[in-house]
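Q:
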Amino acid sequence: MAYFVLKFLHVIGASVLLGTGAGIAFFMLMAHRGGRPAVIAGVARIVVIADFVFTATAVVLQPVTGVLLVRAVGYSFADAWIVWSIVLYLVTGVFWLPVVWIQMRMRDLALAAVADGTELPRSYHRLFRWWFASGFPAFAAVAAIFWLMIARPVAG
Ligand code: HEM
């Protein structure tokens with residue numbers, strides 16, 4: 000029973016991480032492509048909230064349910080798939096944390112452009128390029144974790 004609850008929460012957490020990440024990326028990209036500062040500011044404001052409410056919660060809970068599952072099933076923390084999952088999880092975090100800050104900056108720059116009635120500044124476009132580029136390694140790492148979790152390859 001405890002095992003089922005843990006696994007249920009762990010899989011829900013994985014869905015939230017991937018789903019919120021993909022959703023946020025899509026809506027930000029669409030808002031950016033539209034090029035209207037007011038829309039970008041509005042979407043970025045909601046995206047930042049979603050990241051704090053959904054992604055951050057799942058980011059904290061995922062290793063907790065993961066570690067409890069390792070103990071419940073009796074896996075070893077020396078198992079290669081678990082070691083690599085944790086390494087890749089840290090890699091994801093290294094790319095995700097700056098993205099949260101970038102989204103806040105993009106929101107503020109878009110808001111300032113709306114208030115001043117100006118174009119989006121060069122700094123906004125530079126930040127967008129970093130935001131866009133960070134998404135690829137972060138998603139690749141999460142996809143690799145999914146594979147490791149499902150396949151649980153045994154080394155050797
Ligand atoms: C960060 C540390 C993590 C640890 C220690 C961990 C640990 C585990 C363990 C032990 C299982 C197997 C449970 C069983 O045998 O029934 C599992 C399953 C699973 N994990 Fe993780 N996990 C972690 C992170 C993640 C992340 C980041 C994701 C995806 C975003 C994820 C997605 C999954 C999925 C989808 C399963 C179910 C696989 C299946 O039953 O075929 N895990 N996890």
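Residue numbers (numbering that gives the first Met the number 0): 0 to 155.
Note that beta-carbon positions come from the ideal geometry of N, C-alpha and C, so glycine has one too.
The model shown is predicted, which means the values in this text are computed figures rather than measured ones.
1) With H, G and I counted as helix, E and B as strand and the rest as coil, what does DSSP make of Leu119?
2) Helix, strand or coil, according to DSSP, for Gly152 in the structure here?
3) Taking the alpha-carbon positions, what's the Asp107 to Met27 distance?
4) How many angstroms separate the CA atom of Gln61 from the CA atom of Leu16?
5) For the 8 Å Cβ check, are there 3 or more pairs between the stretch 51-66 and the stretch 6-22?
6) Please identify the residue among Tyr88, Met105 and Ala111 whose C-alpha is closest to the C-alpha of Arg63.
7) For Ala150, which option in Leu110, Ile85 and Trp80 has the closest C-alpha, if you only look at C-alpha atoms?
8) Since Ile23 and Ala49 are thought to touch, with beta carbons under 8 Å apart, how far apart are those beta carbons, to the nearest angstrom?
9) Round the Cβ separation of Gly20 and Val99 to the nearest angstrom and send it over; I've been treating them as touching at under 8 Å.
10) Just verifying my parser: in three-state terms, what is the DSSP assignment at Arg44?
11) Quick check on DSSP: helix, strand or coil for Met0?
12) For Tyr2, which option in Ser133, Val42, Ala112 and Arg70 has the closest C-alpha, if you only look at C-alpha atoms?
A: Result, derived from the coordinates:
1) Of the three classes helix, strand and coil, the one that applies to Leu119 here is coil, per DSSP.
2) First, the amino acid is wrong: residue 152 is Pro here, not Gly. Of the three classes helix, strand and coil, the one that applies to Pro152 here is coil, per DSSP.
3) 14 Å
4) 9 Å
5) yes
6) Reading off the sequence, residue 63 comes out as Val, not Arg. If we check each option's Cα against that of Val63, Tyr88 comes out closest.
7) Trp80
8) 6 Å
9) Approximately 11 Å separates the beta-carbon atoms of Gly20 and Val99; this is outside 8 Å, ruling out the contact.
10) helix
11) coil
12) Selection Ser133, Val42, Ala112 and Arg70 evaluated against Tyr2 yields Arg70 as nearest (Cα-Cα).
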